[in-house]
Structure formats: structure tokens, C-alpha cells
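Colleague:
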Amino acid sequence: MRVLHLNTMLRGGGTDDQCVKLVAGLRKLGVDAQLMGPGGREFEPQIQANQIPQIVTPPEGPLKIHFMRAVAREIHRGGYDIIHAHHGRDYWPTFLSVMMSLKRPKIVFTRHLAKSPRSLPSRLLLLSLCDQVIAVSQFTELVMKHGFDDPDSPEAERHHRPRLYGNTSKIK
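In short: position in the sequence shown from 1, add 8, done, that's my numbering.
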């Protein structure tokens, strides 16, 4: 099995840490897991310490066109079974890259934040565009499946967290 993990940040936050640990763990189990993202970022020492070969992406360019073209070429060339995106900002570029590749690997998104994507098109279409969504906590899963209201929160963005629409059985 070949798995390509996409990560356009690699700056060292919790999402980046989990992404690198997942790739390292899969590789130790014998899975051909690759990491594709920008080189020279703050998290590069951890990538190297885990002996993960990195496929370096070009600067994203306007509308992430350069990134998507590079990812599409890698998907087409690499024969991947699964494409896994970790940051919300990478969901649409991942889906579009898969379309551009003319291949049809499984698409997996991990949701690290306890909120649904901001845009209405993403909330309406995300579940139809992917094969699986991994929620990193039970609360994140609850928010994505049912939404969550907390009108007393001091954080305005937490007052109303809308749900995702579509086949919520894809959320695990």
C-alpha cells in the first residue's frame, strides 16, 4: 500500500506533529508512506529525525496552482492508494490535485480542529469528495456530525459550530 500525506504547513504545530508521527508509524509497519510539502520549514528537523523522505513542493503560487500541479504529477507518477490531507487549507487542493492526476486513489482528510470548515461549499461538499474523514477527538466528531452551539463562550467562533452535510458515516 502506498500513502501520500500532504501538508502545506510543516511549521511545527500539533497538526504537523501528528502528521509526521503518523507517517513515521506507518513506515515502521511496512507501509510505503510518503510526506509531500514545502522544504526548509521549521519542522524539517523532526522530519529528518524520523527518517522520513520528503517530496518537496514548489512555492504554492496563486490559488495554490503550482502546489496542485506538483501533487497531481506525483499522484499520477507514484501509484498511490491513499492521499491523506491534514490541514483544512489543504482539503480543496488535495481533491483538485487528485482530479488533475487522472487517477482515483482514496482521499482521506483528518480534522484536527473541533469545528467544521468555514465555507458553506466545503460543509456541503466535503463528505461527497472524500472517502474518509478522521476526527482526532470525540468532540471534533460530534461537531462535524451534529454541529455544536455554545452561546456563552467568550470566543465568538464557538457560539455556533455548524455540521458537515452528507454521508456522516464517513466521519470516524
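Glycine is no exception: its CB is placed at the ideal position from the N, C-alpha and C atoms.
Which stretch, first to last residue, makes up the beta strand (DSSP E) that contains Ile115?
Modeller: 114-119 is the span of the beta strand (DSSP E), which, as asked, contains Ile115.
Colleague: If I'm right that Glu68 touches Met44 with Cβ under 8 Å, what's the distance once you round it to whole angstroms?
Modeller: Between Met44 and Glu68 the Cβ distance is about 13 Å, and since that is not below 8 Å, they are no contact.
Colleague: Any idea which residues DSSP pairs Phe156 with across the strands?
Modeller: Answer is Arg169.
Colleague: I think His95 touches Thr176, with their Cβ atoms under 8 Å apart; what is that distance to the nearest whole Å?
Modeller: Not a contact, Cβ separation roughly 21 Å.
Colleague: Can the beta-carbon of Gln26 be found closer than 8 Å to that of His120?
Modeller: In this structure, His120 lies closer than 8 Å to Gln26 by Cβ.
Colleague: Cβ atoms of Tyr99 and Ser130: under 8 Å apart, would you say?
Modeller: For Ser130 and Tyr99, yes; Cβs fall inside 8 Å.
Colleague: Can you grab the Cα-Cα spacing for the pair Asp158 / Arg169, in whole Å?
Modeller: Going by the C-alpha atoms only, they are around 8 Å apart.
Colleague: Among the candidates Lys123, Pro66, Arg77, Ile179, whose CA atom is the shortest distance from the CA of Glu163?
Modeller: Comparing Cα-Cα distances from Glu163 to each of Lys123, Pro66, Arg77, Ile179, the minimum goes to Lys123.
Colleague: Is the CB-CB distance between Val79 and Leu14 below 8 Å?
Modeller: It is a contact, given that the beta carbons lie within the stated cut-off.
Colleague: Out of Phe117, Val141, Val28, Pro61, which one is the CA nearest neighbour of Lys180?
Modeller: For Lys180, the nearest C-alpha among the options comes from Val141.
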